[in-house]
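Under the working numbering, the sequence shown has 910 at position 175, and the numbering climbs by one with no breaks.
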Amino acid sequence: MPDDHDILELRPAKKNLDPFKPYHYLHEEEVDAIGTIKTVNTLFLTNKECPFKCTMCDLWKHTLDSPTPQGAIPQQINYALDLLPKASVVKLYNNGNFFDTGAIPPADYPAIAKQLQGIERVVVENHPKLCNDRCLEFAELLDGKLEIALGLETIHPEVLPKLNKQITTDNFRKAVSFLISNDIATRAFILLNPPYLTDDKENIEWTVRSIAFAFEAGVQTCSIIPTRAGNGIMDKLKENGKFVPPTLPALESAFEESMKMEKGRVFVDLWDLEHFSTCEVCFTKRKARLEKMNMTQKIQPRVNCPVSCKQNGMI
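Shown next, in the form of structure tokens:
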């Protein structure tokens, strides 16, 4: 099982980033809990790297080695929001933990909240172990509702400890309970094909079971993240047969089975989706189907591939 040293040793170089500009931002749409389509501005903030060195994570590539300068985050938010259309939801994703004081200085909370006046919902990401009174402090400053996204990843009893995330399912459950008892909404990130789980059927099963656990814990929304290589350690695990990238059909199956629960919203992450497909003939239609399922929260008819997928045994 790799530790911090092993993970750091195999890393490629980081990107060279400006601490006063977000490294990416986009305008999108997402359906809310009652089926209304909401406009969303998603900002990918530049800040200090997360202290947790998770085996599967590649988000550190767009982070800083030193603490984020005070005032930098409000400046980044201003920069992006000035360029984006108006939206009712803002996601502030920072490749780590919003309530890590080295990443987001607490002294900047009031300025950030002021920039988000009139926003219905603000979504941030955070480690379950860092859900504390700072979350409540920030929530109190906002006009709208705060939602915190937590990485559960998997509830597989042998795999979760190997991810170097330093959490247990009990840590996750306690974090969710703390947040919802203080009127803070929650969502969970769930991995499809985490390292150390290599059987296709088992991967689908444990993704679905992990989502069921998250909903039972009180989470309102789950996002399925197909696990990727590319961070050094994951490439080595792939070479050693300890990581198998997910397939598009597996993602479809996990999404469908999770949606059948009807316990809350389920989304799939479509970033770099083409890397999980082996068929150019039907990929565009299959991606469009998943996009529609994300937006409608209803299972759509499967795509019938005329040639390639049948030849490859994909459907």
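Each residue gets a CB set at the ideal place from its N, CA and C atoms; glycine is no exception.
On a predicted model such as this, the values are computed, not experimentally measured, just so you know.
Task: Three-state secondary structure assigned by DSSP to Gln-1046 - done: Locating residue 1046 in the sequence shown gives position 311, where the first residue counts as 1. Because the pLDDT of Gln-1046 is 42, which lies under 50, any placement of that residue in the model is unreliable, and the question is left without a value.
Open item on the list: Beta-carbon within less than 7 Å of Ile-968's beta-carbon, same chain only, minus the 5 sequence neighbours each way: which residues are those?
Closed with: As a working mapping, residue 968 is identified with position 233 in the sequence shown. Closer than 7 Å at Cβ, skipping near neighbours: Pro-737, Asp-741, Ile-742, Leu-745 and Thr-790.
Task: Run of the alpha helix (DSSP H) containing Asn-938, from where it starts to where it stops - done: For the purposes of this step, residue 938 is taken as the residue at position 203 of the sequence shown. 935 to 952 is the span of the alpha helix (DSSP H), which, as asked, contains Asn-938.
Task: Neighbour-count burial assignment, His-797, 16 or more Cβ in a 10 Å radius - done: Taking the first residue of the sequence shown as position 1, residue 797 is located at position 62. So His-797 ends up on the buried side.
TODO: Go through its chain and collect everything with a Cβ distance to Gln-1046's Cβ below 7 Å, but skip five positions before and after it.
DONE: Residue numbering aside, residue 1046 sits at position 311 when the sequence shown is read from its first letter. The pLDDT assigned to Gln-1046 is 42, lower than 50, so where the model puts this residue is not dependable; a value taken from the coordinates is nonetheless given after this. None.
Task: Sequence-distant residues of its chain with Cβ nearer than 7 Å to Ile-902 (five each side left out) - done: Locating residue 902 in the sequence shown gives position 167, counting from the first residue. Excluding positions up to five away in sequence, the list reads Pro-863 and Lys-864.
TODO: Would you kindly work out how many angstroms separate the C-alpha atoms of Leu-1005 and Arg-1021, rounded to a whole number?
DONE: Mapped onto the sequence shown, residue 1005 falls at position 270. Mapped onto the sequence shown, residue 1021 falls at position 286. Those two C-alpha atoms are separated by around 11 Å.
Open item on the list: Just verifying my parser: in three-state terms, what is the DSSP assignment at Ile-890?
Closed with: One-based indexing of the sequence shown puts residue 890 at position 155. If DSSP states are grouped into helix, strand and coil, Ile-890 belongs with coil.
Task: Inter-residue spacing [alpha-carbon to alpha-carbon] between Lys-821 and Phe-779 - done: Position 86 of the sequence shown, counted from the start, is the residue given in the question as residue 821. Position 44 of the sequence shown, counted from the start, is the residue given in the question as residue 779. Taking the straight line from one Cα to the other gives about 17 Å.
Task: N- and C-terminal bounds of the beta strand (DSSP E) containing Cys-957 - done: The sequence position of residue 957 within the sequence shown is 222, counting from 1. Here the beta strand (DSSP E) through Cys-957 covers 956 to 961.
Open item on the list: With H, G and I counted as helix, E and B as strand and the rest as coil, what does DSSP make of Pro-1036?
Closed with: For the purposes of this step, residue 1036 is taken as the residue at position 301 of the sequence shown. In this structure, Pro-1036 counts as coil in the three-state DSSP scheme.
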